[in-house]
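Step one of this worksheet: look at the structure below.
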Amino acid sequence: MYVWIWRHLPGNAWVRALISLLLVLAIVYVLFQYVFPWAEPLLPFNDVTVDNGMAVNR
Amino acid sequence: MKQQSESGYDAVARIDDDEPERLTRPRGKIAAAVSLFGELLITLGVLLALFVVYSLWWTNVLADRESKKQGNHVRENWAKGPGALDTKDGIGFLHVPSMKNGEVLVKSGTGSKILNEGVAGFYRAPVKSAMPWDAKGNFTLAAHRDGHGAKFHNIHKVKAGDAVVFETRDTWYVYKVYSELRETSKYNVEVLDPLPKESGAKKPGRFLTLTTCTPVYTSDYRYIVWAELERTEKVDSKRTRPKELS
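Protein chains in written order, with UniProt numbering: chain S, 1 to 58; chain A, 1 to 246.
Structure representation (C-alpha cells):
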C-alpha cells in the first residue's frame, strides 16, 4: 500500500518525501478537525453527568 | 523490486526466480496480501494513537482557549457594573484550591456542547440545580475529567474539609467539603437531590455537588463530591479573595 503510493508520487526521493509529509499533515488535519470530533460522542469515554441514560445532546 | 518501479506487486510476483542480480525474492499473492494486512494494522495503530493525542491533548488546547475567552468576556461584563444575571454567558467562577486548576467558568446546562467548552455546567435535568443564592437547595455541577479542559481532573484530591469557593459578580460563596462518593452508578441521580441523603446530610441546607466520571480516562462510573455552604462574603472594590483562596 505505502510502497504503491511512494511509487506513484512524482519527482525524486526528496520531492516524494516532501509530498508524503504534506499528505500526512493533511490527513492529520482532517482527522483532528472532522473525523475525531464526529467519532468522540459515539465512544463511551467522556460522559460525566449522572442522568437517566439520556444525557447526550441535552 | 525497486527496478520494477512501474509495475507493482503482480509484476514482481512474475519475475523469474533464477535471475542472479535480484536481491529480493519474488513475492506471491499471499505474501502481498499479508504485507497489505500488516500495513493496515500499522495504520490502525497510528490512527488510535492519534485519537488518544486528540482526546487528551488537543481537546484541552481548544477548550482552554475557549473557556479563557468566555471567562474574560464574563469578567468584562462584571466590570461594567451591575446588570441582570447573565445565565447564557456564565453565572460565575468555581475555585477549588485542592484541584489546583485555577478558576472554572460555570455555565447553564450539562450537555456535551456546553461542557466541551472547558467549563463546568449546572444541571437543568434530570434534577434541576438550585442556585448558590437560593435559601435552600443543591447547586449541582458537572465537568470533564479528561479532555475538553479536564476541569475536574483532580477531583480525587478533594478531601473532606477542603474549601470550594464560588465567585459571582457580588458575592463569594465559601463551601466546605463534607462528603464524597468515590464510585457510583451513572444512573444515581439521587446525588443531585436538594437534600442529598447519600452524603449523610440530615436537614435541608445550601449544598454544592460536583460530579464527573471515574476512573480516569473512562466513564464507567461517576465520582461525587458534596460541600455545604459555610459563609458568604461580599465582593469588595478590589475583589479581595477570601482567605481560602490566598
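Even glycine gets a Cβ: it sits at the ideal position worked out from N, Cα and C.
Within 8 Å, strictly: CB atoms of residue i and residue j
| i | j | result |
| --- | --- | --- |
| A:Arg231 | A:Val174 | yes |
| A:Ser55 | S:Phe45 | yes |
| A:Ala142 | A:Thr212 | yes |
| A:Pro126 | A:Val189 | yes |
| A:Ala150 | A:His144 | yes |
| A:Gly92 | A:Lys136 | no |
| A:Val177 | A:Lys203 | no |
| A:Pro196 | A:Thr209 | yes |
| A:Lys107 | S:Asp51 | no |
| A:Leu105 | A:Gly71 | yes |
| A:Tyr94 | A:Thr140 | Residue identity differs from the one stated: residue 94 of chain A is Leu in this sequence, not Tyr. Against a cut-off of 8 Å, the Cβ pair of A:Thr140 and A:Leu94 comes out as no contact. |
| A:Leu50 | S:Val28 | yes |
| S:Met1 | A:Glu180 | no |
| A:Asn77 | A:Asp89 | yes |
| A:Asn154 | A:Met99 | yes |
| A:Trp172 | A:Pro242 | yes |
Bridge partner(s) assigned by DSSP for residue i
| i | result |
| --- | --- |
| residue 286 of chain A | Any answer about residue 286 of chain A is impossible in this case: the structure gives chain A only from 1 up to 246. |
| A:Tyr223 | A:Thr212 |
| A:Thr240 | The partner list for A:Thr240 (beta bridge, DSSP) is empty, contrary to what the question assumes. |
| A:Leu245 | The partner list for A:Leu245 (beta bridge, DSSP) is empty, contrary to what the question assumes. |
| A:Gly121 | A:Lys107, A:Ala142 |
| A:Lys234 | A:Thr171 |
| A:Val164 | A:Tyr175 |
| A:Leu229 | A:Tyr175 |
Opening and closing residue of the beta strand (DSSP E) in which residue i lies
| i | result |
| --- | --- |
| A:His95 | 92-95 |
| A:Leu181 | 171-184 |
Per-residue burial, residue i [other beta carbons within 10 Å of its own, 16 or more giving buried]
| i | result |
| --- | --- |
| A:Asp236 | exposed |
| A:Glu117 | buried |
| A:Ala11 | Interpretation of A:Ala11 is limited by its pLDDT of 46, a score under 50 that renders its predicted location unreliable; no figure is taken from the coordinates. |
| residue 276 of chain A | The requested residue 276 of chain A is not part of the displayed model; chain A covers only 1 to 246. |
| A:Glu183 | exposed |
| S:Ala39 | exposed |
| S:Pro10 | exposed |
| A:Phe122 | buried |
| residue 303 of chain A | The displayed coordinates of chain A run from 1 to 246. Any statement about residue 303 of chain A would go beyond what the structure contains. |
| A:Asp170 | exposed |
| A:Arg222 | buried |
| A:Leu41 | exposed |
| A:Ala33 | exposed |
The ligand HEM heavy atom lying under 7 Å from the CB of residue i
| i | result |
| --- | --- |
| A:Glu228 | Of ligands this structure carries none, so the ligand HEM is not represented either. |
Range covered by the alpha helix (DSSP H) that runs through residue i
| i | result |
| --- | --- |
| A:Val34 | 29-53 |
| A:Gly81 | Unbroken run through A:Gly81: none, as it is neither H nor E. |
| S:Pro37 | 36-39 |
| A:His156 | Unbroken run through A:His156: none, as it is neither H nor E. |
| S:Trp6 | 2-8 |
| S:Leu23 | 13-30 |
| A:Lys202 | Taken as a continuous stretch (DSSP letters only), A:Lys202 belongs to no alpha helix (DSSP H), as it is neither H nor E. |
| A:Leu115 | 112-115 |
Query - Short-range partners of chain A found in the region 4-26 of chain S, where Cβ spacing is below 7 Å - result: Among the residues of the region 4-26 of chain S, those with a Cβ less than 7 Å away from any Cβ of chain A are Trp4, Arg7, in the order of the chain.
Original post:
Of all the residues that make up the region 140-172 of chain A, which are near chain S by a beta-carbon distance shorter than 8 Å?
Top reply: Here the close residues are Ala142, Ala143, His144, Arg145, Asp146, Gly147, His148, Phe152.
What are the residues in the region 196-221 of chain A lying within 9 Å of chain S by C-beta distance?
Within the region 196-221 of chain A, the qualifying residues are Thr211, Thr212, Cys213, Tyr217, Thr218, Ser219, Asp220.
* Using a Cβ cut-off of 7 Å, which residues of the region 170-193 of chain A contact any Cβ in chain S, in chain order? -> Listed by position, the residues of the region 170-193 of chain A near chain S (Cβ gap below 7 Å) are Lys186, Tyr187, Asn188, Val189, Val191, Leu192.
* Asked: Along the region 48-61 of chain A, what residues have a CB closer than 9 Å to any CB found in chain S?
  -> Those would be Leu50, Phe51, Val53, Tyr54, Ser55, Trp58, Thr59, in chain order.
Worksheet item: Going along the region 30-44 of chain S in order, which residues come within less than 8 Å of chain A, judged by CB to CB distance?
Response: For the region 30-44 of chain S, which is checked against every Cβ of chain A, the residues closer than 8 Å are Leu31, Phe32, Phe36, Ala39, Glu40, Pro41, Pro44.
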